[in-house]
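What follows is a short report on a single structure.
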Amino acid sequence: MFTIYYSNNLEHLFYIIQLQIQKKTIHNIFQPEVILINQSNIIQRFKLFFAKHTGIHANIKYFFIDNFIIELFTNIFPEIKYDIFLDKNYCIWYIMKFLPKLINSPEFIYLTKYFHKMDDFYSFFNLSTKIAYIYDQYQKYKPELLLTWDNKQYLNKNNLNEVWQAILWYKIINYHNISKKTLWHHGKLYNYLKTCHNIKFNNIIPQKIFILFIHDIPIIYLKLLQLVEKYIEIHILIFNPCKYYWKYLTKNSSLLNQLGKCGLYNIDKFIEIPSRIIETFVPINSVNLLTEIQNDIFYAKSFNKKKTILSKDQSIQIFSCESIKTEIELLYNNILELLSKDKNLLLHDIIVTTPNIKLYKSFIKTIFSKKTLAFNIFNDFHNEYLINIKDKFIFLLKLSSTNITPEDIFFLLENKYILRKFHIQLTDIDYLQYWIKEIGIKHNLNFTNFKNIIFPEDQYTWKLGLHRMFLGYAINDKKILWNNVIPYTSINNSSSILLGNFTKFLLTLYKWQQILNKKYILPKWIKIINKLYLDFFSSTTLKYKYIQEFLSEIKSCIQNGIMAQYNKMVHVNIILDLILFKLKSLTYKRFKINSINFYSLYNFQPLNCKINFIIGMNNEYFPRKSQQFIFNLLKYFNNQYDCNQTEKDKYNFLQLFILTQKKIYISYIIDDKQENTKCRSPIINMIINHIKEKYIIDKNSIIKIVLNSISDNNIYIKKDNNTILHYKNNKQPNQFILLDINKININNFINFWKHPLKGFFNQRLKIYLQDIYHTQFHIVDPFLVNYLQEYLINKKIFDTFIKYDDLNYLYKYYLNCNILPYGNYGNFWWSEKVQKISIIFYQYFDKSIVSTKIFNLKLNNIQLYGKIKLIFNQNNLLKFVPKIIDVKDIMSLWIQHIILCAHDNKYKKDALIIGFNNTKYHLKYIPYKQACLLLTKYIQGYISGMNNPLILPMKSSWIWINCCFDIHTNNINYDNKIQQQAQKLFFYYWENCYFVKENSDLYFKKINYIIDKQEFLNIQNLIKKWMLDILFFKII
């Protein structure tokens, strides 16, 4: 008989299992207790509970219910043990076997309408995978469909999708009949069992089973278990968020009805089964907003008057963040704050879930690994090197379709077992990265005709890179050109062993790239899998259980095809898809004590916990949208007990919400292009609406307390548990300890004035900001030269003109360094740059003098020292920048010009800077005394800016002063129309201009700098102080 227990508390259900086990009603004491589950994360939690209350956990077996049903009935009927049970992994091969023969039949025309490339083997495989999946769905949720097809009949012959599926199904059934093996599915098994009498069970089946928290159990499973309920005690333990049957209480709790449909379907399913029902509900003590809402749901409450909540209540918090990085930093800070406030809170009392664990995993590891909090990411094996073996091996199987970039190489070399196999030390990685970046290798592991280098075919390749390294080791002279190859001279005797081992690694990759590019029969693939593994990993790793299971799963995918007698040759892509399809259902990690546990919201059974953090709650991730294959017939049958994917996700969230004891924290990412309400999950909107309708704080909107918006710039990682969390937007910078500066390096001085705020961060704080979202280790595009590379190449071409050096050698050098665009385009690109610079050179710089001046100036006891490389002609200080000149270039010229004029009272030259597109800026000579005064002012500005940031947006400010500067009065024109136009341009370049948008500058973003009316007046004063003089000395 079935006994069904309902509770709103997981630990009460655990306690019921404990009591039932301790009754010792089992006749055979060695027979294990059996618990059926749907998610593996519940196992570890029950083990801990059981051990805590009984002192031991032993002789309990856990099964996924799908596996248990098959094992149970094969034990009862040994004669069917040697038949075949419908399994989607096994069924794929039969479908692949028969579908190509049937696809051109008239009945399959409707199918080909949706799949156009049916002559493609890979398309057949993808289609076979989908069909195998829906056959598995049919046997669970519509078994009568398969039973009808078994008899060559249809439920609806007018449905063309049913016709071709039934024909294919019967083909598979008939094949097994010819082989004298029966293909069993759940419906067929149920009909067979109903006809069996006088079954002798003996001790072959468990006397008691517990079905724990399976809220979407197929009805056919319950029917199968009903056939054996006389012999097995069946205890079903159900989580129920509400004390009452709420189907007809639609007005009472909108949140329950919006999120609880799947739970209601589950209750309806069990109502129709004859059973004993026991309710063990636990009242919830209302102490805060979270528990108040839990009670609303538990009692399906309906009330008109709003309840008042304390203003300090933080039991529910919802955060919108600008980026994932900010979201994880905020999460970390919140966890630290909770731990510092509650000394009794343990790390495993905190659970973090997210609907997109893959997206967040790297950020979690990066931010939490640097700190002191232990954490555990579900499905991340405890030995990271072993889980890396899985990832690396899957990558190796993809070699035939991979271009092998440097990122791919270093991805493989992250694994210590691969390093050991090729005798490469962890410390060698830095050398390899340096060599590869210097040489400019980008892709293409093709060692065909290895002895000869041909341009442009071998440009960017590992082949050219190895040639340069070997040549450098042999010759060690980068000025020699050997068959158009320039030696790479950083390889010496001490690094030759590393070069040899690394070459062996690359050649092994190349060998397997060739092997995996061919098709093989399935038995051959098993041998290839073994050989591939042992070529990259040590055989000692095979002793680990996880590796054994992983390789066994891979081979079982292939064995299924061998058993199905699939004899065609198969490409590695098919093997890969089968492996990935199978591995989706496997998990390797469980709940970990004394660690913060991270789970995917999709393969996580909600558990009782004190604190729940749910991150990444964006509309695109949660809940999942219900999507069925075009030809899935389940959509034509209305089954009142079946939940779609969206409703399952909602109910999962409801369980999590109810089982949280102290605090629930939700965060999501905002998108500038979308409204906030559209970015976040609709479930968040449901919670917000419920709170708005039923709660207030001192007659104010409670939403102001619950909702928080966090930007990238006002979140700071805490250094220890005693630090207080700050979200404030402080405009005014903190006061710093004053530096006693009496020496200034000229280069630091010039760089500071090009960007004063950056100068403060770089020189005072030693902080260098870089946009990690736009940083790439290598650019693989063979026709792309990035902006910085192009700038440096142009600069080098100009230097070669100035020195009258060999431009042909420079071209060969860049060709060997794999920097120039590929092929003839690279030649045209290079010629265009040389032509462009040669025109500027012969117009302005021919016969100019290049000299390096050493300066040691002392003004007001401040020493300005250093050297500057300068170019002069008869009348001017000349400067060339290989780009369109901007305010930074002008400021650099201005500071250099002041220094030269203040250095020597006999110096009488003007200053001229030239850039591309006919851009130039001309400054007239500054009299000696005036230059000394100006230099003193800028030195004092530097010292002041190093002690307290000088916040001056250079680009926007330069636009403003050029707009309103009056060349006739040499001053600023304060006419209203001109000022309005100048202000409009300032803010356009500050916040709207696509190319500039100075408020996106990382240094301004770091201080969360906002320009209001008063701040704009302050900026105008700074502009007049530091930029007006430049325009005064400008030659028009």
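Numbering-wise, the sequence shown is residues 570 to 1605 according to our numbering.
We put the CB at the ideal spot given by N, CA and C, even for glycine.
Bear in mind the structure is a predicted one, so any value in this text is a computation, not a measurement.
Notebook entry, point to check: What's the C-alpha gap between I920 and L1176?
Noted result: Pairing I920 with L1176, the inter-Cα distance amounts to about 9 Å.
Margin query: For N1363 and K1402, which I take to be in contact (beta-carbon distance under 8 Å), what is that distance rounded to the nearest angstrom?
Written below: Their Cβ separation, rounded to whole angstroms, is 6 Å, which keeps N1363 and K1402 in contact under 8 Å.
Next item on the list: Measure from the alpha carbon of A869 to the alpha carbon of each residue in N1516, I1097, L818, N1142, then state which is nearest.
Entry: Between A869 and the set N1516, I1097, L818, N1142, the nearest pair of CA atoms involves L818.
Item checked: CB of I987 within 7 Å of CB of F1105, strictly -> Their beta carbons are under 7 Å apart, which means I987 touches F1105 by this criterion.
Item checked: Pair within 7 Å by beta-carbon distance, I1184 and S1250 -> No, they are not a contact pair.
Notebook entry, point to check: Which of the three DSSP states, helix, strand or coil, is assigned to Q608?
Noted result: Q608 carries a coil assignment under DSSP once its states are collapsed to helix, strand and coil.
Next item on the list: Use the C-beta contact count for T1109: other C-beta atoms within 10 angstroms, 16 or more gives buried, fewer gives exposed.
Entry: Exposed.
Next item on the list: Could you tell me which of C1386, L1376, L1338, Q1339 sits nearest to Q1358, measuring between CA atoms?
Entry: The shortest Cα separation from Q1358 among C1386, L1376, L1338, Q1339 belongs to C1386.
Next item on the list: Check whether the Cβ atoms of I789 and N607 lie closer than 7 Å to each other.
Entry: Contact flag unset, no.
Checklist line | Y1342 to Y1413 span [Cα, whole Å] | finding: Unreliable placement is indicated for Y1342, whose pLDDT of 46 sits below 50; no coordinate value is reported for it.
Checklist line | K1365 to L1384 span [Cα, whole Å] | finding: Between K1365 and L1384, the C-alpha separation is close to 14 Å.
Item checked: Enclosing beta strand (DSSP E) for T1030 [first to last residue] -> Run containing T1030: none; DSSP gives neither H nor E here.
Next item on the list: Tell me, please, whether the stretch 987 to 996 touches the stretch 1021 to 1028 by the rule of three or more beta-carbon pairs shorter than 8 Å.
Entry: With a cut-off of 8 Å, the stretch 1021 to 1028 and the stretch 987 to 996 do not count as touching, because too few Cβ pairs lie within range.
Note to self: Bridge partners for V1054 per DSSP, in chain order?
What the structure shows: Its beta-bridge partners are W1051.
Item checked: Beta-bridge partners of T877, as assigned by DSSP -> Paired residue(s): I1265.
Item checked: Rounded C-alpha distance that separates I639 from F654 -> I639 and F654: Cα-Cα distance of roughly 8 Å.
Margin query: Buried or exposed for E1584, going by 16 or more other Cβ atoms inside 10 Å?
Written below: Counting Cβ neighbours within 10 Å, E1584 comes out exposed, since fewer than 16 surround it.
Next item on the list: Please classify T534: does DSSP put it in a helix, a strand, or coil?
Entry: In the structure displayed, the chain extends from 570 to 1605; residue 534 sits before or after that span and is not available.
Note to self: Quick check: what's the CA-CA separation for I675 versus Y710?
What the structure shows: The question names Ile, but residue 675 is Pro in the sequence shown. Answer to the nearest angstrom: the Cα atoms are 29 Å apart.
Notebook entry, point to check: So F947 packs on Y1168, CB below 8 Å; how close in whole Å?
Noted result: Between Y1168 and F947 the Cβ distance is about 5 Å, and since that is below 8 Å, they are a contact.
Notebook entry, point to check: Taking the alpha carbon of Y1042 as the point to measure from, which residue in N1052, F1024, S1063 has its own alpha carbon closest?
Noted result: Sorting N1052, F1024, S1063 by C-alpha distance to the C-alpha of Y1042 places S1063 at the top.
Next item on the list: Give, in chain order, every unbroken run of the alpha helix (DSSP H) that is at least 4 residues long and sits entirely within the stretch 1495 to 1526.
Entry: If we require 4 residues or more, the alpha helix (DSSP H) runs fully inside the stretch 1495 to 1526 come out as 1497 to 1516.
Check: Nearest-angstrom Cα distance between M570 and E648?
Finding: Our two residues, M570 and E648, have alpha carbons roughly 27 Å apart in a direct line.
Check: What are the boundary residues of the beta strand (DSSP E) that R1193 is part of?
Finding: Premise fails: R1193 is in no beta strand (DSSP E) and is neither H nor E.
Next item on the list: Kindly list the residues whose CB is nearer than 6 Å to the CB of H626, restricted to its own chain and excluding five residues on each side of it in sequence; keep chain order.
Entry: Non-local beta-carbon contacts of H626 in its own chain, meaning distances under 6 Å to residues more than five positions away in sequence, involve K616, F619, A620 in chain order.
Next item on the list: Can you tell me the Cβ-Cβ gap for I1547 and C1533, rounded? I've got them flagged as a contact below 8 Å.
Entry: Rounded, the Cβ-Cβ distance is 5 Å, consistent with contact.
Next item on the list: Return the CA-CA distance between Q1465 and I1319, expressed in angstroms with no decimal places.
Entry: Cα-Cα distance, rounded: 8 Å.
Note to self: Here's the rule I'm using: 16 or more other beta-carbon atoms within 10 Å means buried, otherwise exposed. How should Y574 be labelled?
What the structure shows: That one is buried.
Margin query: Between T877 and chain B, is any beta-carbon pair separated by less than 7 Å?
Written below: Looking at the structure shown, chain B is missing, and only one protein chain is on hand.
Check: If you follow the alpha helix (DSSP H) that E1122 is part of, which residue opens it and which one closes it?
Finding: Residues 1114 to 1132.
Item checked: Chain-order list of residues whose beta-carbon lies under 8 Å from that of L1484 (same chain, five-residue window excluded) -> Before going on, a small fix: residue 1484 reads as Gly here, not Leu. For G1484, where only same-chain residues beyond five positions count, the Cβ hits under 8 Å are F1449, V1450, P1451, K1452, I1453, I1454, D1458.
Check: Between which two residues does the alpha helix (DSSP H) harbouring L1433 extend?
Finding: Secondary structure note for L1433: it is in no alpha helix (DSSP H), and the uninterrupted beta strand (DSSP E) holding it is 1431 to 1441.
Next item on the list: Going by DSSP, name the residue or residues bridged to H581.
Entry: Answer is none; H581 lacks a bridge partner.
Margin query: Measuring CB atoms only, is the stretch 1513 to 1523 touching the stretch 1489 to 1503, in the sense that at least three cross pairs come out at less than 8 Å?
Written below: With fewer than three CB-CB distances shorter than 8 Å, the stretch 1513 to 1523 does not count as touching the stretch 1489 to 1503.
Item checked: Assigned exposure category for E1118 - 16 Cβ within 10 Å defines buried -> When all chains shown are included, E1118 counts as exposed.
Note to self: Please report the straight-line C-alpha distance between L724 and I1123, rounded to a whole angstrom.
What the structure shows: In a straight line, the C-alpha of L724 is about 38 Å away from that of I1123.
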